[in-house]
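Some notes on the structure that comes next.
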Amino acid sequence: MSDDVTQGSDTGRTASEPLNRLLAFSDAVVAIAITLIVLPLVDAAMEAENAAGFFADNVATIASAALSFVVVSLFWRAHHLLFADATGYTPTVLRLELVWLATIAFLPVATALDLAGAASDSLGIAVYVGSMTLASLILNVERVLLTRAGHISDGGAPAWQRWITPLLLAIALVLVLLVPAVGAFWLLVLLIEIPVRRIAVVRRQRSR
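Here is the structure:
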């Protein structure tokens, strides 16, 4: 990899080949993480006497795998949209990307901890929500750095709108720690994002 990728400043541009290699590596890590989600189910299926017994004995594991798949897929989609039109990246983005990939690789574990714990297990749900909060936060920081370096456009939307999701996840994390009995249902605060975005769109249209 060229020096401006590993040692350059946050305003240095990089060639498309290093960017393609970075995205290929990121896609591979996400694909492996999704593959690892179902491995416990494969082992359980091999030990089960029949299909009915398998599903009856592994409800929690199946739910964990399904939820992990959905969460990882949503983060991969957000990552894909972020880099879809990128022309390069910066050294700081590269370092953040590695941390983001670590959170994605850990998400299946965090999901299992959440589902395996009791409703009052604040640590399990906190690890789960915290992992998602960190992953969302990193994507937003990457967007800011890529925009400042001129590698992507700002898209025209107000910058504050991009911070709604990590902010709501952070609020959910605080609520989980304060009132753990509610558990993962605190994630329903994410639904607030829908009307907030709609109001922002209406106001932006009226101001034109």
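Position one of the sequence shown corresponds to residue 89 (this note's numbering), numbered consecutively onward. Note that CB positions come from ideal geometry on N, CA and C, so glycine has one too.
Could you give the residue range of the alpha helix (DSSP H) that holds S156? Looking up residue 156 in the sequence shown gives position 68. Counting along the chain, the alpha helix (DSSP H) containing S156 begins and ends at V147 to F171.
Leaving out five residues on either side along the sequence, give the residues of the same chain with a beta carbon under 8 Å from the beta carbon of L278. Looking up residue 278 in the sequence shown gives position 190. When the five nearest sequence neighbours on each side are left out, the beta carbons in the same chain lying within less than 8 Å of the beta carbon of L278 are those of T253, L256, L257 and A260, in order along the chain.
Alpha carbon to alpha carbon, how far is P325 from G238? Shown here, the chain extends from 89 to 296; a query on residue 325 therefore has no answer.
Please determine, among S219, V147, I287 and D242, the residue with the shortest C-alpha to C-alpha distance to L275. Taking the first residue of the sequence shown as position 1, residue 275 is located at position 187. It is S219.
Can you look up P283 in the DSSP assignment and give me helix, strand or coil? Translated into positions along the sequence shown, residue 283 becomes position 195. Correct three-state label for P283: helix.
Is DSSP giving T175 helix, strand or coil here? Taking the sequence shown and counting its residues from 1, one reaches residue 175 at position 87. Coil.
Go ahead and pull the three-state DSSP assignment for P246. In the sequence shown, residue 246 corresponds to position 158, counting from 1. DSSP places P246 in the coil class of the three-state scheme, outside both helix and strand.
Cβ atoms of L225 and A174: under 8 Å apart, would you say? In the sequence shown, residue 174 corresponds to position 86, counting from 1. In the sequence shown, residue 225 corresponds to position 137, counting from 1. Cβ atoms of A174 and L225: not closer than 8 Å.
Among V181, I150 and L227, whose alpha-carbon lies nearest the alpha-carbon of V130? Along the sequence shown, one-based indexing puts residue 130 at 42. Checking every option, the nearest Cα to that of V130 belongs to I150.
Please give me, in chain order, every unbroken run of the alpha helix (DSSP H) with length at least 4 that falls completely inside the region 117-149. Whole alpha helix (DSSP H) segments, 4+ residues: 127-135 and 139-145.
According to the neighbour-count rule (16 or more other Cβ atoms, all chains shown, within 10 Å of its Cβ), is G271 buried or exposed? Sequence index remark: in the sequence shown, residue 271 carries index 183 (1-based). The residue in question, G271, is buried, as its Cβ has 16 or more Cβ neighbours within 10 Å.
Terminal residues of the alpha helix (DSSP H) in which I240 lies: By one-based count along the sequence shown, residue 240 stands at place 152. Judged by DSSP secondary structure, I240 falls outside any alpha helix (DSSP H); it is assigned neither H nor E.
Alpha-carbon to alpha-carbon, L155 and A172: Locating residue 172 in the sequence shown gives position 84, where the first residue counts as 1. Locating residue 155 in the sequence shown gives position 67, where the first residue counts as 1. Rounded to the nearest whole angstrom, the CA to CA distance from A172 to L155 is 25 Å.
Range of the contiguous alpha helix (DSSP H) that encloses L265: Translated into the one-based positions of the sequence shown, residue 265 becomes position 177. Bounds of the alpha helix (DSSP H) holding L265 are I252 to L266.
Return the chain-ordered list of same chain residues with a C-beta closer than 7 Å to the C-beta of V118, the five sequence neighbours on each side being excluded. Here the question's residue 118 lines up with position 30 in the sequence shown. So the list reads V160, W164 and I192, once near-sequence residues are dropped.
When burial is assigned at 16 or more other CB atoms within 10 Å of the CB, is I282 buried or exposed? Against the sequence shown, residue 282 aligns to sequence position 194. By the neighbour-count definition (other C-beta atoms within 10 Å, threshold 16), I282 is an exposed residue.
Rounded to a whole number of angstroms, what is the C-alpha to C-alpha distance between V290 and P128? The residue labelled residue 290 in the question sits at position 202 within the sequence shown. The residue labelled residue 128 in the question sits at position 40 within the sequence shown. One Cα belongs to V290, the other to P128, and the distance between them is close to 47 Å.
Am I right that A132 and F142 are in contact with their C-beta atoms under 8 Å? What's the rounded C-beta distance? Indexing the sequence shown from 1 puts residue 132 at position 44. Indexing the sequence shown from 1 puts residue 142 at position 54. Yes, A132 and F142 are in contact; Cβ-Cβ is about 6 Å, under 8 Å.
Buried versus exposed call for E241 [16 or more other C-beta atoms within 10 Å across all chains shown]: Reading the sequence shown from its first residue, position 153 is the one you call residue 241. Sequence check: residue 241 is Ser here, not Glu. Label assigned to S241: exposed.
Cβ pair R250, L170 closer than 8 Å: Along the sequence shown, one-based indexing puts residue 250 at 162. Along the sequence shown, one-based indexing puts residue 170 at 82. Taking 8 Å as the Cβ cut-off, R250 and L170 do not qualify as a contacting pair.
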